[in-house]
Amino acid sequence: MKTLIIGEVSNSTLSSGTLEILGKAKELGTEFELITIGPDDAPSIGIDSITQKYVKRNPENLQFNNIATMISEYIKNNEVKLVLSSSTYVCRDIISFISVDLLSSPVSNVIDFSISNGSVETINSINGGESIYKSKVNSEHALLLIRPKAFEPIEAEFNDNYDTLEVEDSNIPIFDIFKEEKEGPQLEDSKIVISAGRGMVDKDNLTMINELANKLNAAVGGTRAIVDAGWMPYSQQVGQTGKTVKPDIYIACGISGATQHQVGMKDSKYIIAINKDEEAPIFQIADLGIVGDTLSVIPKLNENI
Amino acid sequence: MKIAVCAKQIPDPANTMEYSEGTLNRPEEQVLDDTDRYGIEIALQLKEKFDAEVTIISMGPEGTQKGLQQALQMGADKAYFVDNPSLKGANSLMTADVLSQLALKSEADIVIFGTESTDGYSGTVPQQVSRFLNLDCISYVKGIEINDEVKLTRQTIEGSENVNLPEKCVISVTAGGVEPRYPNFKDIMAAKSKPVEKIDLATLELTAEQNLEFVTIENVESSKAGEKVIDEGEAFNQIIEKLKELKAI
Ligand SMILES: Cc1cc2nc3c(=O)[nH]c(=O)nc-3n(C[C@H](O)[C@H](O)[C@H](O)COP(=O)(O)OP(=O)(O)OC[C@H]3O[C@@H](n4cnc5c(N)ncnc54)[C@H](O)[C@@H]3O)c2cc1C
Ligand SMILES: Nc1ncnc2c1ncn2[C@@H]1O[C@H](COP(=O)(O)O)[C@@H](O)[C@H]1O
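See below:
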């Protein structure tokens, strides 16, 4: 089935979501091409034996509508049937726009899919991962938005073999571009993640979380509740509307375990939860649950590690 | 200025979602999706500055209209909704198609959305509506500063960026950026007399169709809960033992 992968470039490399979809496509052995989108000049993102077009967007202009128009044209002209993309901000915009051009509703939050007899069947995770929902795409084009960490990434060496395309500006300029500083271990690729929730009681108490993270060389995450409260930047949010993590060890401190949070962490290999409420849903998925006060347990960990 | 806010009535999120034949069961009494409160708040701030008219637009079973009332109580002026059995299990594109038509009916210059609904979370409807209506789409707005110009801050993967609000556009708003207001008793009473109009689906010009077919819902073997220890002052030792066993320390 002729497939197009829409990928993203950030920090001058292919995003992890893109590498994961490439991994799946390789495994399926379908014929595919890659269109990537990013703000960087001449990033090293080419991969041997994969045909790639790089859409170099202007970071100071909102161009996603124009990029979508280009890709819709490409899909029609090249008889692409299946379009795969990760559920990032940029790609969600692009796939949504394309879905109107092709009059084909996309499938969001896909965690796996298969192709048989020329049709695409998708799998979604619902109710915080308790059930899986299967559906079949009956339109000429199938557009899939895939959750991060659904597939194993392809291993690739990068070169400069790709074509670069330019995009026209819209009439909406972008200004005051702000990049959050990234320091220490990153959520997506740390072996240990320590996350905080409202049960840390106060923003100042996050220092004990950071101290523990330092000792364990862990990345720090948080729930939407504390991100919304301004305790932590959005880039550290774990869950349905934040990052998906799959570390060897996940330590949830003062987190209730709402399904929207679980979606982002339940596939961690070993889950430790500290919560004073014995009935907190997080305990249903914890391998080791400590019913207790975070503010007393965590300082003791820090003293003794 | 005319503003439409797309707001959804959803089953109370405190209850678990139940499905039959692949579609979410919707009780008679549905509530306003909390994620839509942020969009309504932004619309009301614009209304205060520019004297705009704010219309709530919604698709789904009418029920007791509790969710619509909650939206009007916050301060919206009126509501349009579509309720038709043929829309049961509508995909995101069909939903966007219907909402686009309602937005046209409201003559909105600005159409505001949440980024994702709590019960459907496809996260694509706002962008689809913008494309149907041929409007610019300013997605993932997490902050607004209203002066003579209106500055919107967009969430991006790396941080944030700003754009000025154009005269006509679609906006999607993330949770947390603004503080949704609570209605007082007067607002609650006033909402009761605001117009709520049911729009006949047959009067809308729709193009999208159902292209996604439900196959099955299967329960997954949930990884069973492990050990639970009540802390009496020493439970930290168990964590340390485990971390050693897993070679983390
Ligand atoms: C569309 C949508 C998308 C969402 N996306 C996300 C997402 O991506 N990520 C996310 O995390 N959430 C998300 N949410 C929000 C989610 O539903 C929950 O509201 C949120 O995860 C709760 O965060 P919390 O666990 O920190 O807070 P709470 O639910 O308030 O839980 C705090 C917990 O701390 C415990 N506690 C309190 N004090 C102590 C103490 N001293 N010691 C120990 N325990 C204590 C309490 O018992 C409680 O269980 C989303 C919601 C919606 C509707
Ligand atoms: N049936 C509906 N009625 C009104 N607004 C909706 C409906 N479905 C989705 N929306 C709007 O679209 C946003 C994104 O929804 P979704 O694409 O379902 O995640 C929501 O926050 C609402 O603003």
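Sequence lines, in order, name chains A and B.
Residue numbers for the first sequence follow the numbering used here, so the first one is 1 and each next one is one higher.
Residue numbers for the second sequence follow the numbering used here, so the first one is 306 and each next one is one higher.
Glycine included, every Cβ here is placed at the ideal spot set by N, Cα and C.
All values reported here derive from a predicted model rather than from experimental measurement.
Exposure of residue i, with buried meaning 16 or more beta-carbon neighbours within 10 Å
i, result
"residue 250 (chain A)", "buried"
"residue 182 (chain A)", "exposed"
"residue 118 (chain A)", "exposed"
"residue 7 (chain A)", "buried"
"residue 133 (chain A)", "buried"
"residue 315 (chain B)", "buried"
"residue 511 (chain B)", "exposed"
"residue 466 (chain B)", "buried"
"residue 241 (chain A)", "buried"
"residue 496 (chain B)", "buried"
"residue 493 (chain B)", "exposed"
"residue 186 (chain A)", "exposed"
"residue 550 (chain B)", "exposed"
Whether residue i touches residue j by CB criterion (8 angstroms)
i, j, result
"residue 45 (chain A)", "residue 162 (chain A)", "yes"
"residue 38 (chain A)", "residue 88 (chain A)", "no"
"residue 274 (chain A)", "residue 253 (chain A)", "yes"
"residue 92 (chain A)", "residue 428 (chain B)", "yes"
"residue 381 (chain B)", "residue 455 (chain B)", "no"
"residue 469 (chain B)", "residue 105 (chain A)", "no"
"residue 307 (chain B)", "residue 413 (chain B)", "yes"
"residue 120 (chain A)", "residue 2 (chain A)", "no"
"residue 197 (chain A)", "residue 177 (chain A)", "no"
"residue 363 (chain B)", "residue 418 (chain B)", "no"
"residue 219 (chain A)", "residue 184 (chain A)", "yes"
"residue 378 (chain B)", "residue 500 (chain B)", "no"
"residue 84 (chain A)", "residue 154 (chain A)", "no"
"residue 222 (chain A)", "residue 238 (chain A)", "yes"
"residue 471 (chain B)", "residue 343 (chain B)", "no"
"residue 424 (chain B)", "residue 329 (chain B)", "yes"
Cutoff 8 angstroms: residue i Cβ touching any chain A Cβ
i, result
"residue 555 (chain B)", "This structure cannot speak to residue 555 (chain B), because chain B is shown only from 306 to 554."
"residue 415 (chain B)", "no"
"residue 343 (chain B)", "no"
"residue 541 (chain B)", "yes"
"residue 513 (chain B)", "yes"
"residue 378 (chain B)", "no"
"residue 449 (chain B)", "no"
"residue 364 (chain B)", "no"
Distance cut-off 7 angstroms: residue i Cβ against heavy atoms of ligand 1
i, result
"residue 284 (chain A)", "no"
"residue 226 (chain A)", "yes"
"residue 182 (chain A)", "no"
"residue 241 (chain A)", "yes"
"residue 122 (chain A)", "no"
"residue 543 (chain B)", "no"
"residue 414 (chain B)", "no"
"residue 198 (chain A)", "yes"
"residue 254 (chain A)", "yes"
"residue 25 (chain A)", "no"
"residue 350 (chain B)", "no"
"residue 294 (chain A)", "yes"
"residue 381 (chain B)", "no"
"residue 276 (chain A)", "yes"
"residue 483 (chain B)", "no"
Below-8 angstroms beta-carbon distance, residue i vs any chain B residue
i, result
"residue 117 (chain A)", "no"
"residue 106 (chain A)", "yes"
"residue 275 (chain A)", "no"
"residue 74 (chain A)", "no"
"residue 264 (chain A)", "no"
"residue 286 (chain A)", "yes"
Whole-Å CB distance - residue i paired with residue j, under 8 angstroms assumed
i, j, result
"residue 304 (chain A)", "residue 541 (chain B)", "7 angstroms"
"residue 369 (chain B)", "residue 385 (chain B)", "With 8 angstroms as the limit, residue 369 (chain B) and residue 385 (chain B) do not qualify as a contact, their Cβ atoms being about 18 angstroms apart."
"residue 457 (chain B)", "residue 475 (chain B)", "Not quite, the Cβ-Cβ distance comes to about 12 angstroms (not below 8 angstroms), so this is no contact."
"residue 150 (chain A)", "residue 202 (chain A)", "Contact doesn't hold; Cβ gap of about 36 angstroms is too wide."
"residue 282 (chain A)", "residue 256 (chain A)", "6 angstroms"
"residue 35 (chain A)", "residue 53 (chain A)", "5 angstroms"
"residue 86 (chain A)", "residue 21 (chain A)", "6 angstroms"
"residue 334 (chain B)", "residue 180 (chain A)", "Incorrect: roughly 41 angstroms between the Cβ atoms, too far for contact."
Check: With distances taken from each beta carbon to the nearest heavy atom of ligand 4, which residues come in below 7 angstroms, in chain order?
Finding: In the structure shown, ligand 4 is absent; the only ligands present are ligand 1 and ligand 2.
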